[in-house]
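Participant: Below you will find the structure I want to go over with you.
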Amino acid sequence: MTSYQRFMSALSGQKPDQVPVMVFNRDWAMKQVGFTVNDMMNGVERFVFAQYHCAIEFGYDAVQDPHGISAESEALGCTLRIEEGFPLTVIDHPIRDYEKDLSGLKVLDPYRDGRLPSILEMVRRLKELCAGSFVVNPYIQAPFRNAAMLRGNDVYKDLSRNRDHLVQLLEKTLISQIAYGNALVNAGADVLVISDPTSSGDVVSRAYWLELGHEYVKKLVKYLRPTGVKIYLHICGDNNDRLETFADLDLDGISFGEKVDLEAARNTLGDRTCIIGNVGTANLLNSSPEAIADESRMCIEKAGKNGSFILCSGCSISKDCPPENIRAMVSTASEYKY
Amino acid sequence: MIIIKELEELAILVKDGEEEESAELAERIIVTLEPQKIIQTLTATMRELGILFEKREIFVPELLLASDALLAVMKVVEPHLQQNRDQVRTVVLGTVAGDLHEIGKNIVSVVLKAEGFNVIDLGTNVVAHEFVSAAVKNRASIVGLSTLMTTTMHVQREVIERLVAEKIRERFKVIVGGAPVSQKWADQIGADVYCEDAFKGAAYINSLP
Numbered sequence: 021m022t023s024y025q026r027f028m029s030a031l032s033g034q035k036p037d038q039v040p041v042m043v044f045n046r047d048w049a050m051k052q053v054g055f056t057v058n059d060m061m062n063g064v065e066r067f068v069f070a071q072y073h074c075a076i077e078f079g080y081d082a083v084q085d086p087h088g089i090s091a092e093s094e095a096l097g098c099t100l101r102i103e104e105g106f107p108l109t110v111i112d113h114p115i116r117d118y119e120k121d122l123s124g125l126k127v128l129d130p131y132r133d134g135r136l137p138s139i140l141e142m143v144r145r146l147k148e149l150c151a152g153s154f155v156v157n158p159y160i161q162a163p164f165r166n167a168a169m170l171r172g173n174d175v176y177k178d179l180s181r182n183r184d185h186l187v188q189l190l191e192k193t194l195i196s197q198i199a200y201g202n203a204l205v206n207a208g209a210d211v212l213v214i215s216d217p218t219s220s221g222d223v224v225s226r227a228y229w230l231e232l233g234h235e236y237v238k239k240l241v242k243y244l245r246p247t248g249v250k251i252y253l254h255i256c257g258d259n260n261d262r263l264e265t266f267a268d269l270d271l272d273g274i275s276f277g278e279k280v281d282l283e284a285a286r287n288t289l290g291d292r293t294c295i296i297g298n299v300g301t302a303n304l305l306n307s308s309p310e311a312i313a314d315e316s317r318m319c320i321e322k323a324g325k326n327g328s329f330i331l332c333s334g335c336s337i338s339k340d341c342p343p344e345n346i347r348a349m350v351s352t353a354s355e356y357k358y
Numbered sequence: 665m666i667i668i669k670e671l672e673e674l675a676i677l678v679k680d681g682e683e684e685e686s687a688e689l690a691e692r693i694i695v696t697l698e699p700q701k702i703i704q705t706l707t708a709t710m711r712e713l714g715i716l717f718e719k720r721e722i723f724v725p726e727l728l729l730a731s732d733a734l735l736a737v738m739k740v741v742e743p744h745l746q747q748n749r750d751q752v753r754t755v756v757l758g759t760v761a762g763d764l765h766e767i768g769k770n771i772v773s774v775v776l777k778a779e780g781f782n783v784i785d786l787g788t789n790v791v792a793h794e795f796v797s798a799a800v801k802n803r804a805s806i807v808g809l810s811t812l813m814t815t816t817m818h819v820q821r822e823v824i825e826r827l828v829a830e831k832i833r834e835r836f837k838v839i840v841g842g843a844p845v846s847q848k849w850a851d852q853i854g855a856d857v858y859c860e861d862a863f864k865g866a867a868y869i870n871s872l873p
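Going down the list, the sequences are from chains A and B. To convert a position in the first sequence, counted from 1, into the numbering used here, add 20. To convert a position in the second sequence, counted from 1, into the numbering used here, add 664.
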């Protein structure tokens with residue numbers, strides 16, 4: 021099987037030839053080929069090269085658009101801090117006052133706004149290079165994440181104190197996410213990852229997750245389904261108390277952070293839901309390749325013995341993650357033939 | 665009895681995150697009550713919230729609202745405090761350089777204030793030398809380093825290396841915290857302790873001789 025076939029087979033709930041691997045890698049791939057953050061922000065071809073080169077060099081199965089993660093926020097009016105040596109961060113939140121600011125919030129035009137046209141170009145180029153070999157897997161923010169970036173930390177207080185306005189914001193962001201998701205698919209995305217760290221099980225209760233985070237992921241998936249693209253969710257934190265809530269989102273897969281017990285996730289979600297995870301990112305930064313191989317084996321034993329599983333980092337890895345640790349993940353996964 | 669009832673009411677208002685009502689009640693009762701009694705109520709309330717947070721009965725949104733209410737009460741009470749701040753432990757606290765996440769750090773700040781510590785909150789994106797100079801300048805005994813991201817954990821190590829280089833490491837207890845951080849990481853970089861949340865941090869500081 022090619023990497024593409026292996027990954028798509030697992031995401032379809034089947035058994036590929038062996039366990040597929042992916043890594044949420046943001047600026048790590050850029051570092052591997054010697055490019056800087058500024059190179060990353062200003063050069064589509066450099067970015068494409070970094071992603072493609074690392075997939076070949078390290079042997080994992082999917083490429084991504086790592087700085088796409090903040091691009092929707094920027095296109096909707098957030099300011100990004102772009103600084104060498106540090107991850108991209110949203111530093112300004114345009115919806116300070118719902119009464120004043122919400123009506124001015126536009127719906128994204130992915131072909132014109134902010135850096136989105138260059139992200140779409142990157143996805144197109146990745147698809148040209150990778151078609152049939154590696155999976156092209158860009159990011160799309162979950163509506164609650166998008167709302168949180170626009171609103172800042174106050175979004176968490178809005179859950180109980182400003183619910184009507186928050187719902188209005190989510191409805192607006194949902195339309196933007198649908199527009200952007202369609203544009204990513206048109207550009208060549210094979211798989212979309214909906215990213216929702218803001219609904220982390222460490223941060224919001226099960227009730228709030230169900231009422232807003234979950235509700236709007238479900239809506240987004242529903243509206244993107246007609247494109248035919250495969251979709252999985254990445255969610256951070258301890259979600260062990262709400263594993264069954266991921267079953268009715270109509271997702272092809274779920275990527276859990278390292279606090280989730282993958283065995284419990286497998287038992288709750290059944291054999292045909294692709295589970296993606298969850299080698300600890302701090303361990304990937306600080307542990308030895310042998311320890312990473314052990315942790316990878318444990319993940320596979322818990323959730324990947326019968327297919328429908330992708331070995332993955334629990335979240336974005338540090339740019340300083342030793343390359344040997346990524347090799348250890350890939351090499352361990354390759355030992356698991358189906 | 666009326667006073668006890670009002671303190672109980674204040675605790676409920678703070679727990680429920682009722683910022684304005686908490687401050688109004690504090691304004692009313694500070695006239696007849698020792699400020700220390702109100703601080704004790706706030707401390708007990710935050711400890712109770714800590715237990716609920718640990719049991720996953722409340723989460724960050726509830727803590728943020730309660731923190732706002734608590735700070736509103738503190739604002740009312742502080743001008744009435746006669747405490748000698750020299751006798752209080754000083755904690756220098758911040759989120760390390762490269763990281764702008766502040767929710768966790770802010771909750772730590774509020775909980776430590778509720779425990780009566782003198783908290784110097786340096787904010788987010790704080791470089792190593794700023795932690796060190798603030799700790800020295802404020803004669804702190806505790807340095808708290810927060811980070812939410814694997815990508816910025818290394819700055820926690822840099823702060824400790826700087827304290828060692830300046831030969832003042834033993835003057836401070838260094839607490840590290842944040843989502844990717846662990847006791848293993850604390851041991852690896854020479855921190856004194858990893859604390860999982862604000863309440864464990866407060867308990868650690870209270871346990872110091």
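Glycine included, each C-beta is placed from N, C-alpha and C at the ideal position. Remember, it's a predicted structure, so these values are computed and weren't measured experimentally.
(1) Could you give the residue range of the beta strand (DSSP E) that holds A:Gln34?
(2) So if I threshold CB-CB distances at 9 angstroms, which residues from the stretch 839-867 of chain B count as touching chain A?
(3) With DSSP as the reference, please indicate the residues paired to A:Ala82 in a beta bridge.
(4) Tell me whether A:Asn298 sits in a helix, a strand or coil according to DSSP, three-state version.
(5) Can you pull the chain B neighbours of A:Thr109, defined as C-beta to C-beta under 7 angstroms?
(6) Please name the residues in the stretch 784-815 of chain B whose beta-carbon is closer than 9 angstroms to at least one beta-carbon of chain A, in chain order.
(7) Listed in chain order, which residues of the stretch 728-745 of chain B have Cβ atoms closer than 9 angstroms to some Cβ of chain A?
(8) In the DSSP assignment, find the unbroken alpha helix (DSSP H) run with A:Ile320 in it and report its ends.
(9) Assuming A:Ser336 contacts A:Phe44 under a Cβ cut-off of 8 angstroms, what Cβ separation, rounded to an integer in Å, is found between them?
(10) Assuming B:Ile693 and B:Glu672 are in contact, meaning their beta carbons sit under 8 angstroms apart, how far apart are those beta carbons, in whole angstroms?
(11) Kindly list, in the order they appear in chain A, the residues whose Cβ is closer than 7 angstroms to that of B:Met710.
(12) Residues in the same chain with beta-carbon distance under 6 angstroms from A:Gly273, minus the five sequence neighbours each way, listed in chain order, please.
(13) Tell me whether the beta-carbon of A:Val280 lies closer than 8 angstroms to the beta-carbon of A:Asn306.
(14) Ordered along the chain, which non-local residues of its own chain (more than five positions away) have a Cβ less than 7 angstroms from that of B:Val791?
(15) State whether the stretch 175-194 of chain A contacts the stretch 98-110 of chain A, with contact taken as three or more CB pairs (one from each stretch) at a distance under 8 angstroms.
(16) Within 10 angstroms of the Cβ of A:Ser333, are there 16 or more other Cβ atoms? Answer buried if so, exposed if not.
(17) Give the secondary structure of A:Asp112 by DSSP, where H, G and I count as helix, E and B as strand, and everything else as coil.
(18) Using a Cβ-Cβ cut-off of 7 angstroms (strictly less than) and excluding sequence neighbours within five positions of A:Arg286, which residues of its own chain qualify?
(19) Between the C-alpha atoms of B:Gln852 and B:Ile824, what's the straight-line distance to the nearest angstrom?
(20) Quick test of your reading: B:Ala866 and B:Glu779, contact by CB under 8 angstroms. State the CB separation rounded to the nearest angstrom.
(21) Let's see if you can read the secondary structure: which residues bound the beta strand (DSSP E) around B:Asp785?
(22) Going by other Cβ atoms of all chains shown within 10 Å of its Cβ, with 16 needed for buried, is B:Tyr858 buried or exposed?
(23) If you draw a straight line from the C-alpha of B:Val775 to the C-alpha of A:Asp47, how long is it?
(24) Since A:Tyr228 meets chain B, which of its residues come closer than 8 angstroms, beta carbon to beta carbon?
(25) Can you list, in chain order, the residues of its chain whose CB lies under 6 angstroms from that of B:Gly714, leaving out five sequence neighbours each side?
(26) Do the CB positions of B:Ala675 and B:Thr696 come within less than 8 angstroms of each other?
Facilitator: From the atom records:
(1) Premise fails: A:Gln34 is in no beta strand (DSSP E) and is neither H nor E.
(2) Ala843, Pro844, Val845, Ser846, Lys848, Trp849 and Gln852
(3) A:Val155
(4) strand
(5) Leu764
(6) Asn789, Met813, Thr814 and Thr815
(7) Leu728, Leu729 and Asp732
(8) Pro309 to Ala323
(9) 4 angstroms
(10) About 11 angstroms; that fails the 8 angstroms criterion.
(11) Within 7 angstroms Cβ-Cβ: nothing; B:Met710 doesn't reach chain A, min ~18 angstroms.
(12) Leu31, Tyr252, Cys294 and Ile296
(13) no
(14) Ala761
(15) no
(16) buried
(17) strand
(18) Ile295, Lys322 and Ala323
(19) 11 angstroms
(20) 5 angstroms
(21) Asn782 to Asp785
(22) buried
(23) 35 angstroms
(24) Phe723 and Pro725
(25) Phe863
(26) no
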